[in-house]
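Engineer: Residues -19 to -1, 1 to 95 (mature numbering (1 follows the signal peptide of the UniProt record, and there is no 0)) are what the sequence shown spells out, left to right.
All residues carry an ideal CB built from backbone N, CA and C; glycine is no exception.
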Amino acid sequence: MKKFTSVILLLLISTASFAGRYVITEAYGKKLLTPAYFYVGNRNVWTLDYRNGTMQNYKILLRRPDEPECNIEAMDDKGIKFQMCITKEFGQESVITLKYKDATYELIGRYYAE
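1) Whole angstroms are fine: how far does the CA of Thr85 sit from the CA of Leu13?
2) For Glu7, which option in Thr78, Tyr93 and Pro49 has the closest C-alpha, if you only look at C-alpha atoms?
3) Using only CA atoms, which one of Thr68, Lys82 and Asp83 lies nearest to Val76?
4) Taking the C-alpha atoms as reference points, what is the distance between Glu87 and Glu50?
5) Could you work out which residue in Thr28, Tyr9, Tyr18 and Asn52 is closest to Tyr3 when comparing CA atoms only?
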């Protein structure tokens, strides 16, 4: 019971500090004229809002407690599964990598905690 409680506590700590949004300034190799918002964290669906009426949802299928920001298994709006990894440093640019079977894409921006 003690070990189980420790694992649950570790999971809560690692995911609780992760909720927030990224202000994306570059997506898929192109600079964005208007920054997009990528909402992440303690939800089952993460949303990329391009702020022009276009939004893309990513359903989070699996997050590992030992790697809450990498090896995230997700599914996009089209039902295609992929892996996501977030390299985040406070106050510096972050890279969100979307790795599909046939292609890899990057979103670049800054992280802001909720």
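Structural biologist: If we stick to the structure as given:
1) As a working mapping, residue 13 is identified with position 32 in the sequence shown. As a working mapping, residue 85 is identified with position 104 in the sequence shown. Near 18 Å, if we compare the C-alpha coordinates of Thr85 and Leu13.
2) For the purposes of this step, residue 7 is taken as residue 26 along the sequence shown, with counting starting at 1. That would be Thr78, whose Cα lies nearest to the Cα of Glu7.
3) Here residue 76 corresponds to residue number 95 of the sequence shown, with the count starting at 1. Nearest of Thr68, Lys82 and Asp83 to Val76, Cα basis: Thr68.
4) Here residue 87 refers to the residue found at position 106 of the sequence shown. Here residue 50 refers to the residue found at position 69 of the sequence shown. Approximately 15 Å, taken between the alpha carbons.
5) For the purposes of this step, residue 3 is taken as residue 22 along the sequence shown, with counting starting at 1. Nearest of Thr28, Tyr9, Tyr18 and Asn52 to Tyr3, Cα basis: Tyr18.
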